[in-house]
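Enquirer: Please see the structure below; I have some questions.
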Amino acid sequence: LPYCGLALRHVTQDFNLQNFILGCILYDTQSQSAHNVRSFVDSQLKSYGLTLNESIFVVSDSENKMRAAFKEKCTQVDKRRISFDKAQSLFEHVKKMVTHDTRFNGAFYMLEVFLDVYDELAGIINNVFMANLAAIDKELLEELCTFLKIFDQVIDALSEEEKPTMHKVIPVRQLLLNHCDLKYEDSGELKELNFSLVSERIKCVGILQDQHYVSTLLHPSLKYFEIDPNEKSKAIALVRQELLKRSSLGL
Numbered sequence: 244l245p246y247c248g249l250a251l252r253h254v255t256q257d258f259n260l261q262n263f264i265l266g267c268i269l270y271d272t273q274s275q276s277a278h279n280v281r282s283f284v285d286s287q288l289k290s291y292g293l294t295l296n297e298s299i300f301v302v303s304d305s306e307n308k309m310r311a312a313f314k315e316k317c318t319q320v321d322k323r324r325i326s327f328d329k330a331q332s333l334f335e336h337v338k339k340m341v342t343h344d345t346r347f348n349g350a351f352y353m354l355e356v357f358l359d360v361y362d363e364l365a366g367i368i369n370n371v372f373m374a375n376l377a378a379i380d381k382e383l384l385e386e387l388c389t390f391l392k393i394f395d396q397v398i399d400a401l402s403e404e405e406k407p408t409m410h411k412v413i414p415v416r417q418l419l420l421n422h423c424d425l426k427y428e429d430s431g432e433l434k435e436l437n438f439s440l441v442s443e444r445i446k447c448v449g450i451l452q453d454q455h456y457v458s459t460l461l462h463p464s465l466k467y468f469e470i471d472p473n474e475k476s477k478a479i480a481l482v483r484q485e486l487l488k489r490s491s492l493g494l
């Protein structure tokens with residue numbers, strides 16, 4: 244049975260997500276035409292004094308009926324066609340040949356170790372896996388490992404337990420954003436993956452706070468903000484503001 248769920252989501256100042264479930268209403272109309280679906284959703288929103296706008300979203304699958312129902316007065320997110328087929332296919336072929344789930348730690352390590360032994364596999368695997376090996380594009384595998392390696396290095400850099408890492412956040416964030424930009428020498432297969440989506444995700448999730456700007460500016464090696472000069476003025480203003488605040492308190 245189809246249902247319509249209504250929820251309010253609120254992000255607090257300290258970035259905690261709060262969810263409030265308003266209701267889960269049975270869709271009891273016989274016809275599931277696009278017009279009826281839209282009318283039903285609009286009526287349920289109206290009962291709470293709500294209407295669809297830029298801050299109220301409909302989450303649904305992408306079947307034609309739902310796309311038609313919400314084609315007006317709605318913002319369609321991620322309309323771009325993105326091809327992950329080749330990377331996904333490569334990953335699946337590698338995964339089929341790595342039968343132990345615990346042999347490698349994560350997708351990157353699995354692909355990296357597989358690449359290291361790629362040239363030796365033809366002589367040791369049986370015929371069952373030869374088709375999988377033949378289907379793997381070694382050049383794409385190398386490019387994908389090279390692309391993912393910097394993310395692994397960033398995770399290690401920010402996971403240091405005995406040294407401060409806050410001053411590293413802005414530089415490594417910008418480093419990853421630059422890394423996601425397509426290069427002229429990148430292969431066509433790698434360009435098809437459209438890493439701009441990864442870049443947008445980094446911007447969305449990697450939210451910078453005032454402490455990041457201040458700690459970066461105060462670090463001797465990073466004070467010139469060479470990695471992102473446009474943010475230097477903001478960092479200076481925040482440091483000045485903090486100094487004035489402390490001086491007024493007599494600290």
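Every position in the sequence shown, counted from 1, becomes a number in our numbering once 243 is added. Cβ coordinates follow ideal geometry from the N, Cα and C atoms, glycine included.
1. Check Tyr246 in the structure and name its three-state DSSP category.
2. Under DSSP, the beta strand (DSSP E) around Ile268 begins and ends at which residues?
3. Near Val415, which residues of its chain fall below 8 Å by C-beta distance, leaving aside the five closest residues on each side in sequence?
4. Go through its chain and collect everything with a Cβ distance to His422's Cβ below 7 Å, but skip five positions before and after it.
5. Just to confirm my understanding: we take Ala311, look at its own chain, exclude 5 residues before and 5 after, and list those with CB closer than 7 Å. What are they?
6. For the segment 430 to 444 and the segment 457 to 466, state whether three or more C-beta atom pairs, one from each stretch, are separated by less than 8 Å.
7. Using the beta-carbon count (16 or more within 10 Å), is Arg252 buried or exposed?
8. On the criterion of 16 or more Cβ atoms from any shown chain inside 10 Å, does Phe258 qualify as buried, or is it exposed?
9. Mind checking which residues open and close the alpha helix (DSSP H) that includes Asp395?
10. To the nearest angstrom, report how far apart Asp359 and Lys466 are at their CA atoms.
11. Below 9 Å between beta carbons: does that hold for Tyr270 and Tyr246?
12. Please tell me whether Leu354 and Leu376 are closer than 9 Å, where the distance is taken between their beta carbons.
13. Which two residues bound the contiguous alpha helix (DSSP H) that contains Glu315?
14. Have a look at Lys314, Lys308 and Val280 and flag the residue whose alpha-carbon is nearest the alpha-carbon of Asn296.
15. For Asn279, does the three-state DSSP call read helix, strand or coil?
16. Relative to the C-alpha of Val448, which candidate in Asp429, Glu405, Glu386 and Val412 has its C-alpha closest?
17. Going by CA-CA distance only, name the one from His455, Ser491, Ile470 and Leu293 that's closest to Leu481.
18. Within a Cβ cutoff of 7 Å, which residues of the same chain sit near Lys381, ignoring the five residues on either side of it in sequence?
Expert: In brief:
1. Along the sequence shown, one-based indexing puts residue 246 at 3. Tyr246: strand per DSSP, three-state reduction.
2. As a working note, residue 268 is residue 25 in the sequence shown. That run of the beta strand (DSSP E) goes Leu260 to Leu269.
3. Counting from one through the sequence shown, the residue named residue 415 turns up at place 172. Only Val397, Ala400 and Leu401 meet the Cβ criterion.
4. Reading the sequence shown from its first residue, position 179 is the one you call residue 422. Excluding residues within five positions, the ones whose Cβ falls inside 7 Å are Ile393.
5. As a first step, residue 311 is located in the sequence shown; it is residue number 68 there, counting from the start. For Ala311, where only same-chain residues beyond five positions count, the Cβ hits under 7 Å are Ala277.
6. no
7. Walking along the sequence shown from the start, residue 252 turns up at place 9. It is exposed - the Cβ of Arg252 has fewer than 16 other Cβ atoms within 10 Å.
8. Residue numbering aside, residue 258 sits at position 15 when the sequence shown is read from its first letter. Phe258 should be labelled exposed.
9. Position 152 of the sequence shown, counted from the start, is the residue given in the question as residue 395. Per DSSP, Asp395 belongs to the alpha helix (DSSP H) from Lys381 to Leu401.
10. One-based indexing of the sequence shown puts residue 359 at position 116. One-based indexing of the sequence shown puts residue 466 at position 223. Their Cα atoms are separated by approximately 39 Å.
11. Within the sequence shown, residue 270 is the residue found at index 27, counting from 1. Within the sequence shown, residue 246 is the residue found at index 3, counting from 1. Yes, the Cβ-Cβ distance between Tyr270 and Tyr246 is below 9 Å.
12. Here residue 354 is taken as the residue at index 111 of the sequence shown, counted from 1. Here residue 376 is taken as the residue at index 133 of the sequence shown, counted from 1. For Leu354 and Leu376, no; Cβs fall outside 9 Å.
13. Taking the sequence shown and counting its residues from 1, one reaches residue 315 at position 72. Premise fails: Glu315 is in no alpha helix (DSSP H) and is neither H nor E.
14. Within the sequence shown, residue 296 is the residue found at index 53, counting from 1. Asn296 has its Cα closest to that of Lys314, out of Lys314, Lys308 and Val280.
15. As a working note, residue 279 is residue 36 in the sequence shown. Three-state result, Asn279: helix.
16. Within the sequence shown, numbered from 1, the residue matching residue 448 stands at position 205. Measuring from the Cα of Val448, the nearest candidate turns out to be Val412.
17. For the purposes of this step, residue 481 is identified with residue 238 of the sequence shown, where counting begins at 1. When each option's Cα is compared against that of Leu481, the closest is His455.
18. Walking along the sequence shown from the start, residue 381 turns up at place 138. So the list reads Tyr361, once near-sequence residues are dropped.
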